[in-house]
Amino acid sequence: MDWQPLIWNERVVAALVTAIVGGGVVAMGWFWTHALSRRRDLVLRRERINDMQRALLAEIRAHVVVLERQMKDSPYEHAMQRMLSEGYAPILPHDANDRIFRAVVGDAHMLPEATIDPVVRYYRLLTVRTALGQDVLRLITGDPDRATSMFLDYVAIESETLETGREAVNALAASLQGKAVPVNRTSADRSDQ
1 MDWQPLIWNE RVVAALVTAI VGGGVVAMGW FWTHALSRRR DLVLRRERIN DMQRALLAEI
61 RAHVVVLERQ MKDSPYEHAM QRMLSEGYAP ILPHDANDRI FRAVVGDAHM LPEATIDPVV
121 RYYRLLTVRT ALGQDVLRLI TGDPDRATSM FLDYVAIESE TLETGREAVN ALAASLQGKA
181 VPVNRTSADR SDQ
């Protein structure tokens with residue numbers, strides 16, 4: 001049997017061309033769908049990052065404003081020292097200023113590198129400050145001198161929290177505007193060079 005007339009039959013050639021063209025179109029469709037899906041995922045990721053940055057910026061900025069007013073309006077450090085030495089328990093703020101951070105902490109790795117450090121330092125100082133405030137209140141009646149000393153540390157941490165909060169606000173605002181913010185390097189990082 002001669003196969004050549006069967007292979008070069010017009011119907012067979014047409015079916016073969018149709019299969020090749022159809023397969024090519026399907027393959028191009030896969031690549032096109034993949035490219036569009038990747039683009040959509042990238043856009044959604046950018047939106048998520050911007051939303052997280054805006055929310056963190058609002059939360060930190062609100063607390064920074066409160067801290068600025070506290071530091072400016074009341075020279076309470078000396079009055080509080082006197083109150084502590086006399087055995088009075090001060091009312092130290094119990095900050096619940098980390099709700100948004102707690103909600104997004106699992107996705108913090110998505111934030112730009114220049115914003116992660118100041119944001120994490122700010123929230124860490126909030127945690128340390130809260131714990132120190134609780135220790136001050138616990139020690140007032142038993143050891144007022146130590147409570148007074150710890151209260152001075154509390155005020156110093158409050159000042160550092162304010163400064164770190166400002167850094168975080170500046171880093172988040174610059175990142176949202178698309179400006180490059182240099183990453184603050186630690187002394188350990190500088191000594192490695």
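Start counting the sequence shown at 1; every next residue gets the next number (the UniProt record's numbering).
C-beta atoms are modelled at their ideal positions from N, C-alpha and C, and glycine is treated no differently.
In angstroms, rounded to a whole number, what distance separates the CA positions of P112 and M28? Position 112 of the sequence shown, counted from the first residue, corresponds to residue 112. Position 28 of the sequence shown, counted from the first residue, corresponds to residue 28. Each residue's Cα considered, the two are about 34 angstroms apart.
Determine, using beta carbons only, whether residue 209 and A171 come nearer to each other than 8 angstroms. The shown model of the chain, from 1 to 193, leaves out residue 209, and the question about it has no answer.
Distance between beta carbons of A173 and L57, contact taken as under 8 angstroms: Residue numbering aside, residue 57 sits at position 57 when the sequence shown is read from its first letter. Residue numbering aside, residue 173 sits at position 173 when the sequence shown is read from its first letter. 6 angstroms between Cβ atoms; contact.
Closest to R166 by C-alpha separation, out of T18, V120 and D153, would be which residue? The residue given as residue 166 occupies position 166 in the sequence shown. Ranking the options by Cα distance to R166, first place goes to V120.
Taking the alpha-carbon of N50 as reference, which of T141, V26, V104 and G22 has the nearest alpha-carbon? Position 50 of the sequence shown holds residue 50. Closest by alpha carbon: V104.
Taking Cβ to Cβ, would you say V136 is nearer than 8 angstroms to F151? Numbered from its first residue, the sequence shown carries residue 136 at position 136. Numbered from its first residue, the sequence shown carries residue 151 at position 151. Yes. Within cutoff.
According to the neighbour-count rule (16 or more other Cβ atoms, all chains shown, within 10 Å of its Cβ), is N9 buried or exposed? Within the sequence shown, the letter at position 9 stands for residue 9. N9 should be labelled exposed.
Just the C-alpha distance for L67 and E158, rounded to the nearest angstrom, thanks. Along the sequence shown, one-based indexing puts residue 67 at 67. Along the sequence shown, one-based indexing puts residue 158 at 158. Within the model, the alpha-carbon separation for L67 versus E158 is close to 8 angstroms.
Tell me the DSSP secondary structure of P118 in three-state form. If you number the sequence shown from 1, residue 118 lands on position 118. The answer is helix: DSSP assigns P118 an H, G or I state.
Between which two residues does the alpha helix (DSSP H) harbouring P144 extend? Taking the sequence shown and counting its residues from 1, one reaches residue 144 at position 144. Membership of P144 in the alpha helix (DSSP H) is indicated by the continuous run P144 to L176.
My understanding is that T164 touches Y122, with C-beta atoms under 8 angstroms, so please give their C-beta distance in whole angstroms. Reading the sequence shown from its first residue, position 164 is the one you call residue 164. Reading the sequence shown from its first residue, position 122 is the one you call residue 122. At roughly 5 angstroms, the Cβ-Cβ gap stays under 8 angstroms, so T164 and Y122 are in contact.
What residue range does the alpha helix (DSSP H) around I100 cover? The residue given as residue 100 occupies position 100 in the sequence shown. Start and end: R99 to V104.
Flag G23 as yes if its beta-carbon sits less than 8 angstroms from any beta-carbon of chain D, otherwise no. This model lacks chain D altogether; it includes just one protein chain.
So the candidates are R38, Q53 and A14; which of them puts its Cα closest to the Cα of Q177? Numbered from its first residue, the sequence shown carries residue 177 at position 177. Checked all of R38, Q53 and A14; the closest Cα to Q177 is Q53.
Spatial neighbours of P118 within its chain, please: C-beta separation below 6 angstroms, excluding the five flanking residues on both sides. The residue given as residue 118 occupies position 118 in the sequence shown. Excluding positions up to five away in sequence, the list reads E167, A168 and A171.
Assign L139 to one of three DSSP states: helix, strand, or coil. Locating residue 139 in the sequence shown gives position 139, where the first residue counts as 1. L139 falls in the helix class under three-state DSSP.
Residue environment, T18, which counts as buried when at least 16 other CB atoms sit within 10 Å: Counted from its first residue, the sequence shown places residue 18 at position 18. It counts as exposed.
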